[in-house]
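Novice: Here the sequence shown stands for residues 1 to 76, numbered as in our numbering. Structure in structure tokens, see below.
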Amino acid sequence: MQNNNFVVVLVNMDMVTNSGEADMAIDALEPKFGQVPVVLMAQREDTSPVYYGNQDLVEALRDVPIDEMPWKSYSV
């Protein structure tokens, strides 16, 4: 994943389980982040992550602990 720029956006579980809503959210968010790919992330009750987006990025994120991601807050 080095040298790959992308954004992980925390959303509610309903968003990642509804592909139509998730795709619309990604389409709306990518321009706000300079067309950088967006991956949506929700958390199960046990706090484990559920990702939606580019499958290569989703696969790569499965091995990254969420507490080691460089989180920032943005208003969009």
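Here a beta-carbon is modelled for each residue, glycine too, at the ideal position from N, C-alpha and C.
How close, in whole Å, do the beta carbons of Ile66 and Pro49 come, if the pair is a contact with beta carbons under 8 Å?
Specialist: With 8 Å as the limit, Ile66 and Pro49 qualify as a contact, their Cβ atoms being about 5 Å apart.
Novice: Between Met15 and the ligand FMN, is the CB less than 6 Å from at least one heavy atom?
Specialist: The model on display carries no ligand, and the ligand FMN is accordingly not part of it.
Novice: Pair every Cβ in the segment 18-25 with every Cβ in the segment 57-73, then say whether three or more of these pairs are closer than 8 Å.
Specialist: Touching, no.
Novice: So, does the CB of Trp71 fall closer than 7 Å to a CB anywhere in chain C?
Specialist: Any reference to chain C falls outside this structure, which holds one protein chain only.
Novice: Please give me, in chain order, every unbroken run of the alpha helix (DSSP H) with length at least 4 that falls completely inside the segment 1-52.
Specialist: Runs found: 13-16, 19-29.
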